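Protein chains in written order, with full-length UniProt numbering: chain A, 1 to 321; chain B, 1 to 321.
There are 2 protein chains.
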Amino acid sequence: MATIRDIASAAGVSVTTVSRVLNDHPYVSEEKRTRVKKAMESLGYTRNIHAVHLSKGFSNMIGVVLPSINLPYFADLIAGIAVAAEASGIHLSLYQTDYQPEKEVFALSQLQERQVDGLIFCSKAISDEELLGTKGPILLCQHADTAGFSSISIPHQEAFRHGMNYLIEKGHEKIAICLARKKVMNSQVRIAAYKEALRDIGQPYREDWVVEKAITMLDGKALFHKWKKRRDKPTALFAANDQVSAGFYLEAKAHGARIPDDVAILSIDNHEISRLLGISTIDIQTKEMGKQAFRMLEKSISGQPPARKVLQYRLIERSTV
Amino acid sequence: MATIRDIASAAGVSVTTVSRVLNDHPYVSEEKRTRVKKAMESLGYTRNIHAVHLSKGFSNMIGVVLPSINLPYFADLIAGIAVAAEASGIHLSLYQTDYQPEKEVFALSQLQERQVDGLIFCSKAISDEELLGTKGPILLCQHADTAGFSSISIPHQEAFRHGMNYLIEKGHEKIAICLARKKVMNSQVRIAAYKEALRDIGQPYREDWVVEKAITMLDGKALFHKWKKRRDKPTALFAANDQVSAGFYLEAKAHGARIPDDVAILSIDNHEISRLLGISTIDIQTKEMGKQAFRMLEKSISGQPPARKVLQYRLIERSTV
DNA sequence: CTGAAAGCGCTTACAG
DNA sequence: CTGAAAGCGCTTACAG
Chain A
1 MATIRDIASA AGVSVTTVSR VLNDHPYVSE EKRTRVKKAM ESLGYTRNIH
51 AVHLSKGFSN MIGVVLPSIN LPYFADLIAG IAVAAEASGI HLSLYQTDYQ
101 PEKEVFALSQ LQERQVDGLI FCSKAISDEE LLGTKGPILL CQHADTAGFS
151 SISIPHQEAF RHGMNYLIEK GHEKIAICLA RKKVMNSQVR IAAYKEALRD
201 IGQPYREDWV VEKAITMLDG KALFHKWKKR RDKPTALFAA NDQVSAGFYL
251 EAKAHGARIP DDVAILSIDN HEISRLLGIS TIDIQTKEMG KQAFRMLEKS
301 ISGQPPARKV LQYRLIERST V
Chain B
1 MATIRDIASA AGVSVTTVSR VLNDHPYVSE EKRTRVKKAM ESLGYTRNIH
51 AVHLSKGFSN MIGVVLPSIN LPYFADLIAG IAVAAEASGI HLSLYQTDYQ
101 PEKEVFALSQ LQERQVDGLI FCSKAISDEE LLGTKGPILL CQHADTAGFS
151 SISIPHQEAF RHGMNYLIEK GHEKIAICLA RKKVMNSQVR IAAYKEALRD
201 IGQPYREDWV VEKAITMLDG KALFHKWKKR RDKPTALFAA NDQVSAGFYL
251 EAKAHGARIP DDVAILSIDN HEISRLLGIS TIDIQTKEMG KQAFRMLEKS
301 ISGQPPARKV LQYRLIERST V
């Protein structure tokens, strides 16, 4: 492998000059520039980026931490991040955690080691303190209790409450909800909003009406059968993601249930599937959040102080409520 | 930032010893090892990975080149790659190309610069020659005409032909097909299989029965309306992906069309949605291909010669044909 | 078990 | 416009 030293001697210039040519610096005579370019050409030179990184102290690469890119929400989020990163010439390194805290800690260590210039946490299992404990630019795509790092989020509690109110206005009092994972923060605030809404209309909180691990369409499908078997049926289902409501909806239709008469469906996401099926949902601008997340991280990297941003949600009425 | 030099002097040992501790080398006395660890602890030492990379000459990172991670097929593929990479302690860097050749060329340049130790092309727009022209381990998840780099693929032509035969056996002669992008190789071989099958049953090839840019569920939905308006209707639709057939199917159902009586539907992928809707499809083991792709690339990186692998497909009969 | 020293391949003040 | 030299922070024969 040819190095800039080889190029320098082949072109009869100093390594400094070669470096200048490489970095499009001005102050290189046309003549030397061409000589250097020719030498690079004939020796098949390619820069060793690791040396550049070591020398410069950064890598133009950021890390994206997420449970799995195989879930529509995260796929959207990362698509947004990717668009913005691309525009800035920054590359993405992926850290799939599968919700395991130690994987998140690992990503943090990569930041410490300067493998990446910054980290976007699309979701997290570790505590805010652990995030704070590591120096380096971090952005969280989720509500943060602590200051000290940047965050961007949707007011999930308000949004969920809004959805509940909407269902209540439409005459529902017996409402079941579906969440992905109870322990994660977004679920916690949704449960809080749920309880609050029930209290307001004087309905009891029923543990068995809070369904967990509802993630895929197949989960939604299974849910329909559980719903059907109940004696005391909820009249509305509020799902934390469109996949679940789509599965439920399709299975319900297949078994002759009337939506929304037999059971109303509302969900969160506004993915293509909800549009296609006409499912009412709450749009949470996931891709846009990804874009803005990147830009905020970029600012942190360039030394600006932590910031917080909250995006707006929007209830989209279709035909399932 | 503390360096190993700082640690060395704080612990009263040489940098060599510090490096040995860092890399879990044997041949370090317990006593020095503890002294070094203490020093690292108290100085808050974190290794600079760029120096390691420069020194070692590799980065334990591979690049994955794909049009967009936002498409189910690629999401599956990368999920498979990620699982296998994780198991080997290798990290993933993403290159989203949006089908632009120059983005692929860029990924190639990253390989040259040793940013990544190898590259997996999940799909490609550039020619085999361009791939061959760059040294370094490359794996293509697609049929390769040329030897010189590794590849893993599904026999798409055979699979498509198999699907055509299946439809024909079921009595269909008027078959329309849907593809994502005509220019890509997979589409080309599918069109070839399509023509061949038509020739065998003495049907003319009709350009207007080859639908392009069919990618999402919404595309499928729109397609149903186009189908409905035709006088001379195909009796079967063979779509290159489950999303399209799902959109078509759902819209057909919504408008009272009978499947498969009015129009049969077959697709390729075997994603969750096809299972949910009972759509007949051809399973192409996308995730498994991702896993194996990684392992093959790993072998190339460790110096083994290029290899080719072909995976099997499987037609899954459900209720739409 | 230990360390001095060379090397990985760039960038960047500094001096001219 | 140009170059000699120091520096980025590790790893790794080599010699002991």
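Just so you know, even glycine gets a beta-carbon here, dropped at the ideal spot from N, CA and C.
What you are looking at is a predicted structure, and each value in this text was computed from that prediction instead of being measured.
Next on the checklist: Check this for me: beta carbons of residue 328(B) and phenylalanine 238(B), under 8 Å apart or not?
Outcome noted: Because chain B here runs from 1 to 321, residue 328(B) falls outside it and cannot be looked at.
Checklist entry - Going by the beta-carbon positions, is the gap between cysteine 141(A) and phenylalanine 121(A) smaller than 8 Å? => result The answer is yes: Cβ separation under 8 Å.
Checklist entry - Can you tell me whether DSSP reads glutamine 203(A) as helix, strand or coil? => result coil
Next on the checklist: My output table needs one value for methionine 61(A): the three-state DSSP class, helix, strand or coil.
Outcome noted: strand
Checklist entry - Within 8 Å (strictly less), CB to CB, does leucine 228(B) reach chain A? => result One point to set straight first is that residue 228(B) is lysine, not leucine, in the sequence displayed. False, the Cβ-Cβ gap to chain A never drops below 8 Å.
Checklist entry - With distances taken from CA atoms, which of Ile177(B), Arg199(B) and Gly202(B) is nearest arginine 190(B)? => result Ile177(B)
Checklist entry - The beta strand (DSSP E) with histidine 91(A) in it runs from where to where? => result 91-96
Item to check | Cβ of serine 93(A) within 8 Å of any chain B Cβ | outcome: yes
Checklist entry - Going by DSSP, what residues sit across from isoleucine 175(B) in a beta bridge? => result Ala236(B)
Checklist entry - Nearest to serine 267(B) by alpha carbon, out of Ala144(B), Asp145(B) and Ala240(B)? => result Ala240(B)
Checklist entry - Does the Cβ of serine 29(A) have 16 or more other Cβ atoms within 10 Å, making it buried, or fewer, making it exposed? => result exposed
Next on the checklist: Going by the DSSP bridge assignment, what does aspartate 269(B) pair with across the sheet?
Outcome noted: Asp283(B)
Item to check | Boundaries (first-last residue) of the alpha helix (DSSP H) holding valine 105(B) | outcome: 101-112
Checklist entry - Which chain B residues sit within Cβ distance under 9 Å of serine 319(A)? => result Result: empty, since nearest Cβ-Cβ is about 11 Å, beyond 9 Å.
Checklist entry - Would the beta-carbon of aspartate 76(B) fall within 8 Å of that of threonine 286(B)? => result yes
Item to check | Chain-ordered residues of the UniProt domain "HTH lacI-type" (2-56) of chain B with a beta carbon less than 7 Å from chain A | outcome: Thr46, Arg47, Asn48, Ile49, His50, Ala51, His53 and Leu54
Item to check | Distance, leucine 311(A) Cα to glutamine 292(A) Cα | outcome: 10 Å
Item to check | Reduced DSSP category for phenylalanine 248(A) - H, G, I as helix; E, B as strand; rest coil | outcome: Here phenylalanine 248(A) carries a helix assignment [DSSP, helix/strand/coil].
Next on the checklist: Residues of chain B with CB closer than 7 Å to the CB of asparagine 270(A), please, in chain order.
Outcome noted: Listed by position along chain B, the residues whose Cβ is nearer than 7 Å to that of asparagine 270(A) form an empty set, because the closest Cβ is around 13 Å away.
Checklist entry - In chain order, what residues of the stretch 216-242 of chain B put their CB closer than 9 Å to some CB of chain A? => result Thr216, Met217, Leu218, Gly220 and Lys221
Checklist entry - If we ignore side chains and look at the alpha-carbon of each, how far apart do lysine 253(B) and phenylalanine 224(B) end up? => result 10 Å
Checklist entry - Taking the Cβ atom as the reference point for each residue, do valine 244(B) and alanine 197(B) lie within a distance shorter than 8 Å? => result no
Next on the checklist: Let's test the definition: count the other Cβ atoms within 10 Å of the Cβ of tyrosine 205(B) and tell me whether it reaches 16, buried, or not, exposed.
Outcome noted: exposed
Checklist entry - For the putative contact between lysine 221(A) and tryptophan 227(A), defined by C-beta atoms under 8 Å, what is the C-beta separation to the nearest angstrom? => result That pair is no contact at about 11 Å.
Item to check | Whole-Å CB distance - leucine 43(A) paired with alanine 2(A), under 8 Å assumed | outcome: 4 Å
Checklist entry - Where does threonine 16(B) land, buried or exposed, given buried means 16+ other C-beta within 10 angstroms? => result Classification for threonine 16(B): exposed.
Item to check | Closest Cα partner of lysine 103(A) within the set Gly89(B), Val18(B), Glu272(B) and Arg5(B) | outcome: Gly89(B)
Checklist entry - Relative to chain A, which residues along the stretch 68-93 of chain B have a C-beta separation below 8 Å, given in chain order? => result From the stretch 68-93 of chain B, only Ser68, Ile69, Asn70, Ala75, Asp76, Ile78, Ala79, Ala82, Glu86, His91, Leu92 and Ser93 have a Cβ closer than 8 Å to chain A.
Checklist entry - threonine 134(A) to leucine 119(A), Cα distance in whole Å? => result 11 Å
Checklist entry - Where leucine 315(B) and threonine 281(B) are concerned, what is the direct C-alpha to C-alpha distance, given to the nearest angstrom? => result Each residue's alpha carbon lies about 6 Å from the other.
Checklist entry - Is the shortest distance between the beta-carbon of glutamine 112(B) and the beta-carbons of chain A less than 8 Å? => result yes
Next on the checklist: Using the three-state DSSP reduction, which class does arginine 308(A) fall into: helix, strand or coil?
Outcome noted: strand
Next on the checklist: For a test of the three-state rule: what should DSSP assign to leucine 276(B), helix, strand or coil?
Outcome noted: helix
Checklist entry - Is it right to say arginine 258(B) is buried, meaning 16 or more other beta carbons lie within 10 angstroms of its own, or is it exposed? => result exposed
Checklist entry - Can a CB atom of chain B be found closer than 8 Å to the CB of isoleucine 273(A)? => result yes
Checklist entry - chain A partners of glutamine 100(B), CB-CB under 7 Å? => result In chain order: nothing, as chain A lies at least about 11 Å away.
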